[in-house]
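Chains A and B supply the protein sequences, listed in that same order. The first sequence: position 119 = 119 (our numbering), numbered continuously. The second sequence: position 121 = 1121 (our numbering), numbered continuously. Data first, discussion second: the structure below is written as structure tokens.
Protein chains: 2
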Amino acid sequence: MTDEEERREVALLLRRLNVELDAVGQRFADLHGLNRTDVRALVAIMDAARRGESLTAGRLGEAVDLRSASVTALVDRLERVGHVRRVRDPEDRRRVGLQMSESAMAAGAEHFGGLARDLTAAMEGYSADELAVVRRWLEDMTAVITRHSRGS
Amino acid sequence: MTDEEERREVALLLRRLNVELDAVGQRFADLHGLNRTDVRALVAIMDAARRGESLTAGRLGEAVDLRSASVTALVDRLERVGHVRRVRDPEDRRRVGLQMSESAMAAGAEHFGGLARDLTAAMEGYSADELAVVRRWLEDMTAVITRHSRGS
DNA sequence: GTCGATTATCTCGATCGTCGAGATATTATG
DNA sequence: CATAATATCTCGACGATCGAGATAATCGAC
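In structure tokens, the structure reads:
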């Protein structure tokens, strides 16, 4: 196999990985009776919580790229099944903070945290040098992809 | 940084890459007035065409996980804007083959092929050994992820 | 302080994608 | 042949998203 062919195969492997990674989110959605937007929203809220922040409705809309009307409906759905709570911000009472319920947080940690744990475990066989190569490669690929995902 | 932290960071980089890769598809959708399902369908049809096959409506439904009613609507949309053509199979006249138009094929090649080209180009600086590490890592990660995307 | 502009969220009505149930047409089977 | 199985389509319903506009709270200029 030529070097060029090898590079193309690696690119294909990356694409296949991407498909499977999306399927992980889809599976979580199926298991919990949610749609993909709801899952993306929960992940965004969970990420913010891990950073010690509490997303407002508006910031959530930016994170998942939805208009305010859709965010209201989205939060209604998540609140109805008990995954999040609306908490009016006492500093600025126009704002609505979003807090994940314990159960939703636990379910998310179980599902996505479990994946993260297995991924890092699968990397234990790699030397520091090898991981450095992988990291550099990921950064390079992400840079290229980001250029394509925004302007050309 | 400990080895464990480094592994976690690499996992986070992979997740970030995944987000950007999804955004590439979203951008193609925006540019061409399509939704994400339509893009996934076009990609599936394009992949099949590259393998010399012609997807039927049913197989397309399996590829993008839609019921037959939705596939009919999907193909209606794509046909209406001239991206695909329905071609009744003369062997089995119940079946409907899907052929991509030249313009749609060109647009897809331009967008996704351009990304693939840039990705492989960005790998030119990597030695065969380094690429082998990356490839092994991708295969390992994909195996873990696939286990999570199907049964746990 | 007061009033208009700005900001954050929500309500309402409309549109579009998806689906289940069932219809239609074609092919396989006994 | 008659019947079952297969591939797609039609129809009606539902749900996610959106634009326009309403409501409520904060900010800024005076």
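The beta carbon of each residue, even a glycine, is placed where N, CA and C say it ideally should be. If you're wondering where the values come from, they're calculated on a predicted model, not measured in any experiment.
- Of the residues S149(A), T146(A), G151(A) and M123(A), the one whose Cα lies closest to the Cα of E1009(B) is M123(A).
- Here T1142(B) is buried, its C-beta having at least 16 other C-beta atoms within 10 Å.
- For R59(A), the enclosing alpha helix (DSSP H) begins and ends at A57 to V64.
- For L1138(B) against V1024(B), the beta-carbon gap comes to about 18 Å, at or over 8 Å, which does not count as contact.
- By the Cβ-count criterion, N1035(B) is exposed, with fewer than 16 other Cβ atoms from all chains shown falling within 10 Å of its own Cβ.
- Buried is the label assigned to S149(A), since at least 16 other Cβ atoms lie within 10 Å of its Cβ.
- Distance check between E4(A) and each of E1006(B), L1131(B), R1147(B) and V1144(B) places L1131(B) closest, using alpha-carbon atoms only.
- Rounded to whole angstroms, the Cβ separation of L1042(B) and V1075(B) is 11 Å, and the two are not in contact under 8 Å.
- Of all residues in the stretch 1132-1150 of chain B, those with a C-beta nearer than 7 Å to a C-beta of chain A are V1133, V1134, R1135, W1137, L1138, E1139, D1140, M1141, T1142, V1144, I1145, T1146, H1148 and S1149, reading in chain order.
- The CB of M1123(B) comes closer than 7 Å to the CB of R7 and V10 in chain A, given here in chain order.
- Residue-level contact by beta carbon holds for R1016(B) and chain A, with a gap shorter than 8 Å.
- Annotation: M123(A) is outside any alpha helix (DSSP H) and is labelled neither H nor E by DSSP.
- The C-beta of E130(A) comes closer than 8 Å to at least one C-beta of chain B.
- Nearest CB-CB separation between T1120(B) and chain A: below the 8 Å threshold.
- Neighbours of V1024(B) in chain A, taken as residues whose beta carbon is under 8 Å from its own, are I145, H148 and S149 in chain order.
- Scanning its chain for C-beta atoms nearer than 7 Å, with the 5 sequence neighbours on each side dropped, one finds around V1064(B) the residues T1037, R1040, A1041 and A1044, in chain order.
- A Cβ-Cβ distance of about 6 Å is found for the pair E79(A) and R86(A), placing them in contact under the 8 Å criterion.
- Proximity of E62(A) to chain B, defined by a Cβ-Cβ separation below 8 Å, is not satisfied.
- Residues S68, V71 and R95 of the same chain have their beta carbon placed closer than 8 Å to that of G58(A), with the five preceding and five following residues left out of the count.
- For the stretch 25-56 of chain A, the beta-carbon criterion of a distance under 8 Å to any beta-carbon of chain B is satisfied by Q26 and R27.
- With respect to the 8 Å criterion, V1084(B) and S1103(B) are not classified as neighbours on the basis of their beta carbons.
- Residue pairing by DSSP places V96(A) opposite R88(A) in a beta bridge.
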